[in-house]
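So the sequence lines, in the order shown, correspond to chains A and B.
Going by our numbering, 2 is the number at position 2 of the first sequence; the sequence numbering is gapless.
Heads up, our numbering is the position in the second sequence plus 1000, with the first residue counted as 1.
Single-structure report; data block below.
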Amino acid sequence: MYEIVGRKSMGEGINLYNILAPDIASKALPGQFIILRVYEKGERIPITIAKTDKNDGTVTILVQTLGKTTHMLSELNVGDSLADVVGPLGIPTEILKFGTVVCIGGGFGIAAIYPIARALKESGNKVISIIGARSKNLLLMEDEMREASTELLVATNDGSYGTKGIVTDVLKELIYDKKEPVDRVIAIGPVIMMKAVSDLTRDKSIKTIVSLNPIMIDGTGMCGACRVLVDKKTKFACVDGPDFDGHLVDFDNLMNRLKFYKEEEKASYECHIKEHHHG
Amino acid sequence: MDEVKNLNKDNSLDVKARLKIKRHEMASQPPEERRRNFKEVPYGYSPEEAMEEAKRCIQCKSEVPECVKGCPVNIDILGFINLIEKGDFLAAAKKIKETNSLPAICGRVCPQEDQCEKLCVVGRRKDTPPVAIGNLERFVADYEAKYGDTRITVKADKGKKVAVIGGGPAGLTVAGDLCKMGYSVSIFEGLHAIGGVLMYGIPEFRLPKEILLRELKVLEDMGVEIFTNVVIGKTFTIDELLEKKGYSAVFIGTGAGTPKFLNIPGEELNGVYSANEFLTRVNLMRAYNQSEYDTPIKRDKTLVVFGAGNTAMDAVRTGLRLGYEDARIFYRRSRKEMTARLEEVHHAEEEGIKFEFLINPVRFIGDENQNVTAVECQRMELGEPDESGRRRPIPIKGSEFITNIGAAVIAIGTNANPIVPKSTPGMDLNKWGYIIADENTGRTTKRGVFAGGDIVTGAATVILAMGAGKKAAVSIDEYLRTGTW
Ligand SMILES: Cc1cc2nc3c(=O)[nH]c(=O)nc-3n(C[C@H](O)[C@H](O)[C@H](O)COP(=O)(O)OP(=O)(O)OC[C@H]3O[C@@H](n4cnc5c(N)ncnc54)[C@H](O)[C@@H]3O)c2cc1C
Ligand SMILES: Cc1cc2nc3c(=O)[nH]c(=O)nc-3n(C[C@H](O)[C@H](O)[C@H](O)COP(=O)(O)OP(=O)(O)OC[C@H]3O[C@@H](n4cnc5c(N)ncnc54)[C@H](O)[C@@H]3O)c2cc1C
Ligand code: SF4
Ligand code: FES
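What follows is the structure in structure tokens.
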């Protein structure tokens, strides 16, 4: 059993959890993820590792409540346990001295980009991070991101903080208007955002890494549910990724594959809510 | 053996009388019923049926009976059948367990028609089918589980720890054998449940999970430590197990486990599954029981499964049980080249599965949401034999045709999973990525590291994986006693 030892609501239906998993905490590198099951009849869902603490043996994750599994997770409190946690899975993000790296995070992707930005900065890169939210009070991990970056740029949809707009607007300004020389871009967030970032950097030939989030089951290369098309070739995101060259990824296919079980997921969620509210 | 000889002596039936007895097939759920449920197909023998079937064995007097030669682990088949004839089922079970610790599983999944029953002398005569060795094996194992005492008490007195990676048949066998020898054994399994293909691949209607759990309990009661949710190569490496975690030897039984795809256009469409995904959703994650379990699966009109091995049979019959109206096999060779167990093919046909031969898919076709709606195939003819000795299928020009489908399952085999090999320096692989290990000892090219089962041979069978585990256990014991590599 994997105990929840810390929990915090971050707004926007996103919760932070510290989970006791010492073996994973001592091993995980930026870019890796875990797979968890909330209870013994539940689904296996992949979640990126945002932070680890080797001393107290915890792994920190940020989870957006979407369907049944994440909803059940949101109902758990400190002292409750998860049925299963396995990891760290996937290949860690490549951390080298590239020069100037732009790290872009959207939604829960901010949690995923955080350890990467930090490691890149520690390796001597100039790290310009761009994060976004609907509004100032909904911005995730701002302090951590500021500390992990050389420079932090913010976009809010309502203009309450930083640039009014979305993260790609800020990126566009940076590489097209300010002509900042950028050696690498790393983007993690909604598929649509990673696609837009890749489109922007393609013309400038800036190497762009995205972290793909297809539906997974085992996370060890056994089932092939997580396959994605990269350079028209089949890759397994759980073992070949989750990081891939954004200029070669077929994002439309990924979006369609993510939608495949929508009806079943909806039914399962509604059923859960109904049971929940009627005892 | 003495006991057996005595028994032969006072056995009154002569060979002629024995040959007159008809082979007993196990009573089964009727096809029209079982095609829509996940309960096991055959019910198994009654004690009377088992004793009658045992009488069909003509008690070959040769030093090693033919059937035994056909069994990869050389079970004393004559010995256990004799004990069944005598009615001593518990002794029969013990006899099998001298060589095979998982008879309830082997009796259900071994390809007996290619092994023991293939060589059985009775079966080699024109009019008499072989003794139903597999059915008898299953019967005594189930009988023992019900009425006998399967507990094994062991003392971990060797003072050495062995790590077993992967909880499939190879790993379970190594763990059990070493534990009996007095070693402390830990199994590390990547998934949340142990059992390997027996858990995630082979469906409930062929191998009820209850039987697997029963066997796992025996291991646990013996003192084998089981760690699920540990992916070796990720959570720990093999070097860490040996250098930091105090294990004196490691056995790798991680299976073949990575699905092959056809590499044809449209394979990325929704509704095109690997057999592993389809079966894992249903078996490991229990998607067939949607009211209780959360992992989703689709049910549609037409399902086509490509392939003709056990995996393909399991997938197509699973599809039928999920509620697909029409579940079919498309195979690029002919009926003769199918590799599935005969019994499964029979059962599938009884259940109304259609088999179409000499058909090869060339592309999948999808709708605007990238959901698969059809598959284009071409017809094949058989040419000269290929490397596998089977006649090579060759496409017939202009024979393309389109079939509307709701889902497709690709069951054309597996590749080696790279996680352990890639994270283990100093361990050599063959050109397909499988681990090189000595056939008789399981020793790899890395000191203290042994391997066996599908990760060494490529996809094979449960009994071969168990056989490899047995040999490795002997060799691990030798290494730990002598220290010589
Ligand atoms: C490598 C990776 C890292 C991820 N990291 C995070 C993270 O740090 N924080 C976070 O909030 N989310 C993360 N996700 C997404 C998260 O796994 C899904 O949101 C979650 O599975 C939804 O489950 P649900 O039952 O609550 O919702 P459902 O209603 O079942 O599904 C909602 C949507 O989530 C996706 N999804 C469903 N099942 C799975 C599955 N088994 N695997 C992957 N996606 C699925 C589908 O697109 C689906 O439409 C990550 C996904 C991947 C692949
Ligand atoms: C659908 C299907 C039906 C079959 N039907 C039959 C049949 O009827 N009869 C028959 O004889 N054979 C059958 N087979 C073949 C048979 O199941 C295999 O040959 C046999 O299971 C191989 O055993 P194994 O122990 O080598 O590996 P597996 O059974 O594959 O077990 C390997 C285990 O290792 C775990 N693992 C993998 N990597 C790691 C890691 N890095 N760290 C920790 N754990 C890891 C896996 O999760 C798995 O549990 C079938 C196979 C399939 C797929
Ligand atoms: S283990 Fe398999 S081959 Fe050996 S006797 Fe039993 S059924 Fe036959
Ligand atoms: S999740 Fe099963 S292969 Fe990647």
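Every residue, glycine too, gets a C-beta built ideally from N, C-alpha and C.
Are any of the Cβ atoms in chain B nearer than 9 Å to that of L229(A)?
By the rule that beta-carbons nearer than 9 Å mark a contact, L229(A) touches chain B.
Can you determine whether any heavy atom of ligand 2 sits closer than 8 Å to the C-beta of K1234(B), and answer yes or no?
Correct: K1234(B) has its Cβ closer than 8 Å to ligand 2.
Pick helix, strand or coil for P1259(B), following the three-state DSSP scheme.
strand
So what does DSSP say about S1046(B), is it helix, strand or coil?
coil
Determine contact between the segment 1298-1308 of chain B and the segment 1431-1442 of chain B, defined as no fewer than three beta-carbon pairs at a distance below 8 Å.
They do not touch, by the three-pair rule.
So, at 6 Å on beta carbons, what are the nonlocal neighbours of P1385(B) in its own chain, with the 5 sequence-adjacent residues on each side left out?
R1391
Leaving out the 5 sequence neighbours to the left and right, which residues in its chain are closer than 6 Å to G1406(B) when beta-carbon positions are compared?
D1300, K1301 and T1302
According to DSSP, which residues form a beta bridge with S1186(B)?
A1163(B) and E1225(B)
Are the C-beta of I1357(B) and some C-beta of chain A separated by less than 9 Å?
Contrary to the premise, residue 1357(B) reads as Phe rather than Ile in this sequence. Cβ-Cβ to chain A under 9 Å: no for F1357(B).
Answer yes if the segment 1096-1106 of chain B comes into contact with the segment 1128-1142 of chain B, meaning at least three C-beta pairs across the two stretches below 8 Å, and no otherwise.
Contact between the segment 1128-1142 of chain B and the segment 1096-1106 of chain B is present, because at least three Cβ pairs lie under 8 Å.
Measure from the C-beta of E1267(B) to each C-beta in chain A and report whether the shortest distance is under 9 Å.
yes
Please state whether DSSP places A1486(B) in a helix, a strand or coil.
Since the first residue of chain B shown is 1001 and the last is 1485, residue 1486(B) is not available in this structure.
From the DSSP output, read off the bridge partner residues of R1521(B).
Coverage of chain B is limited to positions 1001 through 1485, which leaves residue 1521(B) absent and any answer about it impossible.
Suppose the cutoff is 7 Å on Cβ atoms and the five residues either side in sequence are ignored; what does the same chain contact list for L1007(B) look like?
Note that L1007(B) has pLDDT 43, beneath the 50 cutoff, so the model's placement of it is unreliable and the number below is only indicative. Within the same chain, L1007(B) has close Cβ partners N1082 and K1086.
Looking at the C-beta of F236(A), does it have a partner C-beta in chain B at a distance below 9 Å?
Chain B contact via Cβ: present.
Restricting to Cα atoms, I'd like to know which of I1211(B), N1369(B) and Y1434(B) is closest to F260(A).
Here the closest residue by C-alpha is N1369(B).
At the 9 Å Cβ level, is G57(A) part of the contact set with chain B, yes or no?
no
Which residue from E1040(B), L1207(B), Q1059(B) and F1038(B) puts its Cα closest to that of S962(B)?
Past the edges of chain B, shown from 1001 to 1485, lies residue 962(B), and the structure says nothing about it.
Just curious, the alpha helix (DSSP H) that M193(A) is in, first and last residue?
V191 to R202
Checking the sheet assignment: what are the DSSP bridge partners for V1068(B)?
V1068(B) is not bridged to any residue.
Please tell me whether S81(A) and I4(A) are closer than 9 Å, where the distance is taken between their beta carbons.
yes
Less than 8 Å separating the Cβ of T1254(B) from some heavy atom of ligand 2?
yes
Out of A1472(B), K1055(B) and P1072(B), which has the shortest C-alpha to C-alpha gap to F1080(B)?
K1055(B)
Examine chain B for any beta-carbon lying closer than 9 Å to the beta-carbon of T69(A), and answer yes or no.
yes
Mind listing the chain A neighbours of P1421(B)? Cutoff is C-beta to C-beta under 8 Å, in chain order.
Result: empty, since nearest Cβ-Cβ is about 12 Å, beyond 8 Å.
Here's a check: name, in chain order, each residue in its chain whose Cβ is nearer than 8 Å to the Cβ of N15(A), leaving out the five neighbours to either side.
R7, K8, S9, L62, V63, T65, L73 and S74
Using C-beta distances below 6 Å, list every residue in its chain close to E1356(B), excluding the 5 sequence neighbours before and after it, in chain order.
Exclusion of the five residues before and after E1356(B) leaves F1330 as the residues of its chain whose Cβ lies within less than 6 Å of its Cβ.
Closest by CA to R146(A), which one among K179(A), D183(A), C103(A) and I166(A)?
Ranking the options by Cα distance to R146(A), first place goes to C103(A).
Against D218(A), what residues of chain B qualify as contacts under a CB-to-CB distance less than 7 Å, listed in chain order?
L1191 and T1280
By a C-beta neighbour count over all protein chains shown, 10 Å radius and 16 as the cutoff for buried, is E1478(B) buried or exposed?
exposed
Measure from the C-beta of P242(A) to each C-beta in chain B and report whether the shortest distance is under 9 Å.
Among the residues facing chain B, P242(A) is not included, as its CB has no counterpart in that chain under 9 Å away.
Nearest-angstrom Cα distance between G1107(B) and I49(A)?
Approximately 44 Å, taken between the alpha carbons.
Am I right that A949(B) and A1308(B) are in contact with their C-beta atoms under 8 Å? What's the rounded C-beta distance?
Nothing can be reported for residue 949(B): it is not among the residues displayed for chain B, which extend from 1001 to 1485.
So, helix, strand or coil for H71(A), using DSSP?
Note: H71(A) maps to helix in three-state DSSP.
Please state the DSSP three-state secondary structure of V1372(B).
strand
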